[in-house]
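K.L.:
Number of protein chains: 2
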Amino acid sequence: MAALGGDRRALARLLTAVENRTPVAEAALRELYPKAGRAHLVGITGPPGSGKSTLVAAIIGRLREAGRSVAVLAVDPSSPITGGALLGDRVRMQAYAGDRDVFIRSMAARGHAGGLSSATGAAAAVLDAAGFDLILIETVGTGQSEVEVAAMADTTVVLEAPEMGDEVQAIKAGLLEVADIVVVNKGDRPGAQRTAAQLRAMLVAAPKVGRGDGRPRPKAPEVLLTTAATGEGVPQLLAALERHRAAGQGSDAAATRLARAEAQVWAIAAERLRSRLHDPTHRSATASTLRAVADHDLDPYAAADRLLADVE
Amino acid sequence: MAALGGDRRALARLLTAVENRTPVAEAALRELYPKAGRAHLVGITGPPGSGKSTLVAAIIGRLREAGRSVAVLAVDPSSPITGGALLGDRVRMQAYAGDRDVFIRSMAARGHAGGLSSATGAAAAVLDAAGFDLILIETVGTGQSEVEVAAMADTTVVLEAPEMGDEVQAIKAGLLEVADIVVVNKGDRPGAQRTAAQLRAMLVAAPKVGRGDGRPRPKAPEVLLTTAATGEGVPQLLAALERHRAAGQGSDAAATRLARAEAQVWAIAAERLRSRLHDPTHRSATASTLRAVADHDLDPYAAADRLLADVE
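Chains A and B, in that order, give the protein sequences.
Quick note on the numbering used here: the first sequence kicks off at 5 and runs consecutively.
Quick note on the numbering used here: the second sequence kicks off at 5 and runs consecutively.
1. Assign T159 (chain B) to one of three DSSP states: helix, strand, or coil.
2. For the region 30-50 of chain A, which residues have a beta carbon sitting closer than 7 Å to at least one beta carbon of chain B?
3. With DSSP as the reference, label S54 (chain B) as helix, strand or coil.
4. Could you tell me whether the region 226-237 of chain A touches the region 60-76 of chain A, where touching means 3 or more Cβ pairs closer than 8 Å?
5. Considering only the beta carbon of each residue, do T285 (chain A) and L311 (chain A) sit closer than 7 Å?
6. Straight-line CA distance for A77 (chain A) to V161 (chain A)?
7. Does the pairing of the region 266-280 of chain B with the region 241-250 of chain A give three or more beta-carbon distances under 8 Å?
8. Please return the same chain residues whose Cβ sits closer than 6 Å to the Cβ of K39 (chain A), not counting the five positions on each side in sequence.
9. Is L267 (chain A) helix, strand or coil by DSSP?
10. Would you call H282 (chain A) buried or exposed, if buried means 16 or more other Cβ atoms sit within 10 Å of its Cβ?
11. Taking only beta carbons into account, state which residues of the region 224-250 of chain B come closer than 9 Å to chain A, listed in chain order.
12. A308 (chain B) touches chain A at which residues, Cβ-Cβ below 7 Å?
13. Any beta carbon from chain B within less than 7 Å of E23 (chain A)'s own beta carbon?
14. For a contact defined as C-beta to C-beta under 8 Å, what are the partners of E164 (chain A) on chain B?
15. Quick one: list the residues of chain B neighbouring E316 (chain A), beta-carbon separation under 7 Å, in chain order.
16. Around the Cβ of D301 (chain A), are there at least 16 other Cβ atoms within 10 angstroms (buried) or fewer (exposed)?
17. From the DSSP secondary-structure annotation, give me the bridge partner or partners of L140 (chain A).
18. Against chain B, with Cβ distances strictly below 7 Å, would A313 (chain A) count as a contact?
19. Kindly indicate which residue of A:A75, A:A157, A:R264 has the alpha-carbon position closest to the one of P304 (chain B).
20. Please tell me whether A21 (chain A) and A14 (chain A) are closer than 7 Å, where the distance is taken between their beta carbons.
21. Of the residues B:V186, B:L138, B:V46, B:L36, which one's Cα is nearest the Cα of E226 (chain B)?
22. Of all the CB atoms in chain A, is at least one closer than 7 Å to the CB of D137 (chain B)?
23. If the cut is a Cβ gap below 8 Å, which residues of chain A does A298 (chain B) touch?
24. Using a Cβ cut-off of 7 Å (strictly closer), state whether D105 (chain B) contacts chain A.
25. Report the three-state DSSP secondary structure of L8 (chain A) (helix, strand or coil).
26. Would you say L294 (chain A) lies against chain B (beta-carbon separation less than 7 Å)?
27. How long is the line joining the alpha carbons of M111 (chain B) and P51 (chain A), rounded to whole angstroms?
28. Chain A beta carbons: is any one of them nearer than 7 Å to that of Y100 (chain B)?
29. Tell me whether L312 (chain A) sits in a helix, a strand or coil according to DSSP, three-state version.
30. How about L262 (chain A) and L241 (chain A): are their beta carbons less than 7 Å apart?
31. Could you tell me if D184 (chain A) is buried or exposed, where buried requires 16 or more neighbouring beta carbons within 10 angstroms of its beta carbon?
32. So if DSSP puts I185 (chain B) in a beta bridge, which residue, or which two residues, is it bridged to?
33. Hey, how far is the Cα of N24 (chain B) from the Cα of L45 (chain B)?
34. Tell me, please, whether the CB atom of P27 (chain B) is closer than 7 Å to any CB atom in chain A?
35. Given a cut-off of 7 Å on the beta-carbon distance, is the pair L207 (chain B) and A224 (chain B) in contact?
Right, dumping it as structure tokens:
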């Protein structure tokens with residue numbers, strides 16, 4: 005497959021096919037799936053303004069210095085990495101325009117529920133099979149989909165900026181539950197140390213979700229300080245990523261991989277079922293059942309049972 | 005059913021059962037579903053800082069003056085309405101503590117994809133059957149789930165604050181696609197008129213999603229200015245809601261209701277299928293299929309086909 009052999013245009017085309025769920029994509033994914041499973045999938049999530057994209061750019065820089073290849077999937081409609089809002093980041097990213105070991109891709113946050121994490125999982129498998137050492141999945145970190153996407157990674161980094169308002173503090177609680185590593189960025193600002201201390205206190209109590217068993221995690225995640233704009237703290241973050249990955253041969257990592265597999269398989273099964281309900285054989289029965297629900301003549305539970313009985 | 009007869013504690017208990025998907029909830033929903041379909045479901049969505057909760061409080065005030073009953077489903081982990089971050093709003097809301105025609109409920113944004121919109125749809129049906137005239141569904145408006153929840157309403161109001169940064173401008177594009185009415189809140193600030201003009205220009209081109217056919221909408225949504233803190237513009241917003249509802253006897257509104265029914269039925273069918281895969285008969289086959297995918301010994305498409313064949 006040209007897409008896996010270093011042909012960047014073929015890779016970009018395959019990712020587009022994956023996002024659009026074409027038959028070509030399915031055939032390719034079935035073929036390449038056994039080759040995937042070697043990359044380190046790192047989710048990086050945090051609210052707008054936390055300096056996420058600047059940190060992603062700094063991580064890319066350090067990894068390239070170390071001779072490692074890196075791909076970025078930006079699942080963020082407002083990402084300056086792909087949207088081009090921050091000139092500084094754009095200039096930094098353009099330095100890698102000719103570098104075959106850096107690949108950046110924006111994922112559209114559209115479609116039905118689960119579609120985003122399914123497409124992102126498939127795109128990560130493509131980049132993994134294409135041989136990238138590290139795959140960064142950048143999400144904006146508000147909303148359930150983003151949390152799901154973040155939880156899909158081997159290692160999830162949650163970013164915070166110091167001294168944010170009360171509303172962001174409240175959002176934090178949900179995000180911290182998926183964190184393996186917490187980074188307080190803009191670490192040179194006043195309040196950064198205090199924010200880190202507060203987060204450490206919160207994290208002792210917070211359980212880890214997405215591991216499928218609901219048990220509290222064995223130990224609280226590390227809290228690090230970075231200043232992405234200057235690169236300070238970035239080597240320490242990369243070391244923490246390595247440590248988390250190396251530790252990840254235990255049951256926690258196995259549970260993460262199993263949960264990721266389940267989410268992928270489930271999304272495909274749901275799509276298969278949905279398309280069966282709308283195929284020429286079932287289309288008109290499906291439509292009349294749904295119309296009866298819209299008219300409140302049939303309750304949605306009875307309708308669900310009817311639809312499932314129809315396709316079986 | 006006591007929950008429908010004005011017993012607020014029974015109503016709260018039923019909503020908890022609905023959120024937790026208990027068998028009691030299913031039985032109750034099947035019974036009450038034919039009684040639902042009379043309320044006006046209004047989605048209100050916008051980024052943190054746009055003054056959403058203050059506007060919700062102002063809307064409640066005006067509706068009560070007009071003798072109409074109102075329920076709020078706050079699907080926002082950071083909502084000051086339920087989270088209590090903004091003292092002013094809390095004081096305003098406490099004025100309704102003894103008012104049986106105001107009901108406020110926070111929905112947890114947790115669980116698997118689609119779970120949130122399914123639970124919110126079911127909760128709205130309960131409040132609808134309980135006789136509330138208007139049901140406000142408040143979401144934070146970032147992320148796919150929130151957009152889905154917003155699109156579930158009969159009328160979707162998207163809130164913006166004047167003079168927000170570039171990142172928020174980019175988020176806007178996705179949100180505007182679900183808007184039936186756009187409100188520029190904090191309308192007394194400099195830049196509000198300019199923001200409204202920019203939005204009007206953007207909206208002429210933006211299609212409407214969630215109507216199931218992908219056609220551009222017949223006309224651009226209204227753009228209104230409000231100052232929620234003083235109540236200015238709120239009567240005009242309520243009038244616009246009424247106009248949108250009155251116009252909603254056409255194909256656009258029918259498509260919205262059909263899409264809502266489909267989302268509800270689909271979420272239930274998916275849950276049914278998922279629980280079947282994990283029931284005692286199928287549990288071990290499901291687990292070994294998923295483990296094979298996690299180990300990259302089986303591709304997720306083959307696994308999905310295997311699981312679907314298993315339960316049929």
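Where is the CB? At the ideal position from N, CA and C, for every residue including glycine.
P.N.:
Checking against the coordinates, here is how it stands:
1. strand
2. E30, L33, R34, Y37, P38, A40, G41
3. coil
4. yes
5. no
6. As written in the sequence, residue 77 (chain A) is Leu, which differs from the Ala given in the question. Cα to Cα, L77 (chain A) sits roughly 14 Å from V161 (chain A).
7. no
8. A133
9. Strictly speaking, residue 267 (chain A) in this sequence is Ala, with Leu absent from that position. The answer is helix: DSSP assigns A267 (chain A) an H, G or I state.
10. exposed
11. none
12. V269, I272, A273, R276
13. no
14. By Cβ distance, chain B contributes nothing, its closest Cβ being about 14 Å from E164 (chain A), past 8 Å.
15. E316
16. exposed
17. A:V46, A:V76
18. no
19. A:R264
20. no
21. B:V186
22. no
23. A258, R261, L262, R264, A265
24. no
25. helix
26. yes
27. 21 Å
28. no
29. helix
30. no
31. buried
32. B:V161, B:E226
33. 22 Å
34. no
35. yes
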